[in-house]
Structure formats: C-alpha cells, structure tokens
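Notes for the one structure printed next.
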Amino acid sequence: MAKEVTNISDNYAQWYNDLVVKAGLAENSAVRGCMVIKPYGYAIWEKIQAALDKMFKDTGHVNAYFPLFIPKSFLSREAEHVEGFAKECAVVTHHRLMSSPDGKGVVVDPQAKLEEELIVRPTSETIIWSTYKNWIQSYRDLPILVNQWANVVRWEMRTRLFLRTAEFLWQEGHTAHATREEAIEETEKMIGVYADFAENFLALPVLVGKKTASERFAGAEDTYCIEALMQDGKALQAGTSHFLGQNFAKAFDVQYVSKEGKQEYVWATSWGVSTRLMGALIMAHSDNSGLVLPPKLAPLQVVIVPIYKGAEELTAISVRANEIKRQLEALGITAKYDDRDNVRSGFKFAEYELKGVPVRLAIGPRDMQNGTVEVARRDTLQKQLLPQENIASCVASLLNEIQENIFVKAKTFRAENTFEVNTYDEFKQQIEKGGFVVAHWDGTPETEEKIKEETKATIRCIPRDGKQEAGRCIVTGKPSAQRVVFARSY
RNA sequence: CGGGGUGUGGCGCAGUUGGUAGCGCGCUACGUUCGGGACGUAGAGGCCGCGAGUUCGAGUCUCGCCACUCCGACCA
C-alpha cells in the first residue's frame, strides 16, 4: 500500500502510514488490526525499552511477568474496570482443534469448551492484584514496586499502526502501598519519569496533567497523563499513570496488617507506555525526507558513506573510514560504514535520510586529498566540510546538538500552536485549525460532553503547571479557577 | 458496527465489448558508471484475495465470504 511519501500537510494520515512502512518500521499483519514490527522498528523500541527500564530501576522498581490469560471472573471483580474494557476483549473459549468432519482443514473441537472463558489481557490489573493478594500480609511486605514488559490485546474497532493496534507491546507498572499519600506520590513520580523520558529521549515536549473524570482509566480515582502535539495539530496521549485508590485492593480483598495491628486495604497505582510512543516519535519529528530520529534513540547514529570510483580508491577510503568508525565507537557512538557496491552514494544518502540516521559522513577522493569529511545532519539537512582530524568528538557534540535542536523545534511548534481563547466562538474557530486550545471550563462532565459533541475536541488534560487564574467557562460562563487544554486527538 | 475505496509477480500499478496476463521499480548475471535515488543487454519470478455460480471460455459478469485502507462511531 505504500506510496511515495507526499507532502506532510497533504494527507497526514496517508503520509504517516507510508512513512512507517517505507522506513521499514512496521506493517500491517494479515491478522486484523495487528502489527508486524520490522527489525529496524524493533531496534528503536529496544532503545526506548532500555532507557525506560533503567529509569524504572533507578526509581526502585523491579521487573516481573504475569500470565497472558485472565479468567473472566477476575475481570468482572472491579465494576468500572470491566465496564471500560468489556467491549474490546479477545476471549478464549476452547483449548483444542480437531480435523474437520468434511475432511477440509481443522475446526474447533466442541468437546474442548472451557469451563470458564479466558480473556487475553487488555491490561493486567486484575491478574496482578489476584496475585498480590498472596504476596501481601503485613505492612512489611509493602511497598511492592513491580513493572512488566508485555503484550496486550484490545480489540479496537479501528486500528492505526503504532497508535492503536489490536495487539501492542508496552510496559505496565503495578505498585502496592500502605498509604494513600505514598500511592499518590508514586503516581506523580511515574508521570514525572514519563515526562522526563519524553523530553530527554524522544525530544518530545509534553504537557503533564490530570485527566477529567470522563477520560479517566476504568477503575482509577485519578489519571495523570502526558500529552503531546503532533505536526498535524492533533494531540496524542503518550503515557498515563493512575492512582487506583483502594478499588482493586477491595475487589481482590488485598489487606495488610498495619504497625498498629489493624487490617487495612492496600493502595494501588498503575502506569504504562506503549509502542504508541514510536508513533509519537514519528509524527512529531519526521519530514518529507523521512524519519528524524533523536540521536539518543537512533539504532544507528552515524553512517559513513564512501564516494569513489574503482576498487583502488575504495580501498584507500575504506581504511580512513574504518579508522573514523573506530574513533566514533570509542566514544560510545553507534556507527556503520556502508561500502555496498551495488548502490550508489546518492541512493544511500536518500535511504539513510528515510531511516532517520542523525549524522552522515561522506568521504570521497577530494576529502582524501584535503583531509576533510562531509558532515550532514538529518534534522536540518545541512552539510558542512570538517577536518578529518578530531572528527569523532565533533560528531559527538553534533549528536548532542541535534538531540537538543529536535526538541527545541518541537517545542517551538507547540508554542506556535497553543492558543488561549476566551469565548466559545473563538474556541470553535481555533479548534478547526488544530493545536492545543486553552480555555476555561466549569468542571462539569455535561459541558465537557457538549463541547465534544459540537466540536470533536476533548479535554486533553488539566495541566499540572497551569497558572491559577480566575475566569469564566467559555460555554456556561460559570466560574473556573484554571484553564484546561482542549484538542482533537488520535 | 455504518459509509466509501482497494485486493493482479517482492513493491507500486494497468488490464477495453469476457478470449487464456502486462508495465515500472526491485531481484539475478555481465558490462559501463559512481560528490544526491545511474545506464545498457540478457534472465528469473503470477492458484489475478477466497468460495460458489453464469458461460464453450472469467482477472473481467453475478452472489457470498475474507482482508486491508480512509471517514464516522468507539478508544486506559
């Protein structure tokens, strides 16, 4: 289905889709709504995983793994939770196949019907809390700070590569605490970790805030989120952290004996980010030449391309190029020397731009003579000649500069596409043009719903760092203490 | 789940009033090239999404199904 990568503004959805496919990140599986992540895409995911995993461990968490299947009865223990997920569950009803009576292929063996159906996890709160019940007796067993890297399945009606696939990879943290305060602190800490990761690794500026009641996670008391703005002016929820109160502890009867010898229900949090982050990465930074990857997450940070005619010239250049490659690697930079002879250098340039490799070095006969190297940066597509001497440290600082520049660029874009409005007319007009629209809201679900109905805009978050400012709701005129952020979203 | 679109070599597509499948890219071999997606010559590669039906004959017509995709609805 991949066509030429067209102008970004042309048809953003098509552009995005083509880019994902052409850059070799992912493709649609023959299985409905599922995604095949190709090796290059997976390499990016591995970088994301590694960075996040370290951050989790630095904040005291450990990894574990829980079952894929959730007995149906577990899911229904928490009323809101099951309500929220019931419509998108894959259900296992049988455990065996048999040869078809008509001799063609296999059919489900009706004899093998399960006593109780198993749900393929859409998220793991229930299976984990049914386990935590056995892990927790005393306040001495708390807190439990566990994360799992896993795949989950949500049978969405409409799917989109990386952004909303039927099956996706993610991490989900599930923590258990003795007190309300400690659990809230954990929830806030983890949304902070996500924001930190988004800005420092993905180079993606995010708004940190809380969801409104209607946008909350099913079963949560409070949902914190990070929200990012894509280049087409739509918002993307990039990560969430939930304060679950005692809902799951009560549903699964998880109590501990406090210091004072009293039985208390445990307080919970859960938090997650998924392969959707890759979608965010692509949509936020890419241009018409392809991906633009932040150096910290680029599987390949530097590529060296020789320009030559004849084997003799190539040999000389290769010696030099491999030296430079070793110098780069000595500084911890991932580098590749591409001496393929079956494609020309121009082809390689275009190919690595498509794949988002942050820095490209080209060495030709002229450079060999002058002791120079052509350095091209992916973010600006600018080229410059630098001396070969000391090139590795120049590249190292250039990589830092690119990381920073991509972030600044995205942040500038967001600033230019964030608008404060004070009337509903202004609001309607602005929301059509995309971007974050910041306005006063009376805090009622009714008004929120009305706005959604009429403009397709949702409240992305109540910003954490928003200034306190008395105002009036753009719809009802009722008083409001703080502006909230609206946008159309993915 | 509703509305539109698309399923034909690996990828992108063409295929007239039904007559036994073609183009570009890629792939293989050889040669010439090489500072921004090279060119020539010769090759290889197809249950035309699946299943019924109409017909002497179906990529093409009819019916059913499936998948993908876009727009809605839905979406921690």
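479 is the number that my numbering gives the last residue of the first sequence; the numbers go up by one with no jumps.
Beta carbons: idealized from backbone N, C-alpha and C, even for Gly.
All of these numbers come straight from a predicted model, not from anything done at the bench.
Straight-line gap, residue i to residue j (C-alpha atoms, nearest Å)
i: residue 395; j: residue 24; result: 28 Å
i: residue 485; j: residue 182; result: This structure cannot settle anything about residue 485, because the visible part of the chain is limited to -10 through 479.
i: residue 267; j: residue 32; result: 11 Å
i: residue 254; j: residue 37; result: 35 Å
i: residue 292; j: residue 247; result: 58 Å
i: residue 422; j: residue 277; result: 21 Å
i: residue 1; j: residue 103; result: 45 Å
i: residue 564; j: residue 227; result: Residue 564 cannot be examined here, being either before or after the span of the chain that is shown, -10 to 479.
i: residue 382; j: residue 319; result: 10 Å
i: residue 322; j: residue 387; result: 12 Å
i: residue 121; j: residue 243; result: 7 Å
i: residue 152; j: residue 40; result: 20 Å
i: residue 309; j: residue 288; result: 23 Å
i: residue 221; j: residue 400; result: 14 Å
i: residue 336; j: residue 262; result: 36 Å
i: residue 199; j: residue 90; result: 56 Å
i: residue 317; j: residue 302; result: 23 Å
i: residue 197; j: residue 403; result: 14 Å
i: residue 439; j: residue 391; result: 43 Å
Local Cβ density within 10 Å of residue i, reported as buried at 16 or more and exposed below that
i: residue 124; result: exposed
i: residue 469; result: buried
i: residue 419; result: buried
i: residue 185; result: exposed
i: residue 355; result: exposed
i: residue 201; result: buried
i: residue 344; result: buried
i: residue 75; result: exposed
i: residue 368; result: buried
i: residue 250; result: exposed
i: residue 372; result: exposed
i: residue 362; result: buried
i: residue 314; result: buried
i: residue 70; result: buried
i: residue 434; result: exposed
i: residue 100; result: exposed
i: residue 83; result: exposed
i: residue -9; result: With a pLDDT of only 30 at residue -9, under 50, the local geometry of the prediction cannot be trusted, and the value read off the model is given with reservation. Burial call: exposed.
i: residue 412; result: exposed
Simplified DSSP state of residue i, which is helix, strand or coil
i: residue -7; result: Low confidence applies here, because residue -7 scores a pLDDT of 42, under 50, leaving its location unreliable; read the following figure in that light. If DSSP states are grouped into helix, strand and coil, residue -7 belongs with coil.
i: residue 203; result: helix
i: residue 193; result: coil
i: residue 408; result: strand
i: residue 130; result: helix
i: residue 383; result: helix
i: residue 364; result: strand
i: residue 16; result: strand
i: residue 24; result: strand
i: residue 146; result: coil
i: residue 290; result: coil
i: residue 479; result: coil
i: residue 403; result: helix
i: residue 346; result: coil
First and last residue of the uninterrupted alpha helix (DSSP H) at residue i
i: residue 70; result: 68 to 74
i: residue 50; result: No alpha helix (DSSP H) contains residue 50, which DSSP labels as neither H nor E.
i: residue 307; result: 300 to 319
i: residue 335; result: 334 to 343
i: residue 115; result: 114 to 124
i: residue 9; result: 1 to 11
i: residue 263; result: No alpha helix (DSSP H) contains residue 263, which is instead part of the beta strand (DSSP E) from 256 to 263.
i: residue 62; result: 61 to 64
i: residue 439; result: 434 to 444
i: residue 358; result: 354 to 359
Rounded Cβ spacing between residue i and residue j (contact assumed at less than 8 Å)
i: residue 214; j: residue 462; result: So it is not a contact: roughly 22 Å between Cβ atoms.
i: residue 156; j: residue 142; result: 5 Å
i: residue 497; j: residue 347; result: With the chain running from -10 to 479 in the structure shown, residue 497 is simply not present.
i: residue 135; j: residue 164; result: 7 Å
i: residue 105; j: residue 60; result: 5 Å
i: residue 478; j: residue 178; result: At roughly 25 Å, the Cβ-Cβ gap does not stay under 8 Å, so residue 478 and residue 178 are not in contact.
Continuous beta strand (DSSP E) stretch holding residue i: start and end
i: residue 211; result: 211 to 218
i: residue 139; result: 133 to 142
i: residue 425; result: 425 to 429
i: residue 82; result: 80 to 83
i: residue 372; result: 372 to 376
i: residue 413; result: Unbroken run through residue 413 is the alpha helix (DSSP H), 413 to 422; no beta strand (DSSP E).
i: residue 157; result: 156 to 166
i: residue 227; result: 224 to 234
i: residue 325; result: 324 to 326
The ligand NAP heavy atom lying under 7 Å from the CB of residue i
i: residue 389; result: Among the components of this structure there are no ligands whatsoever, and the ligand NAP is therefore not found.
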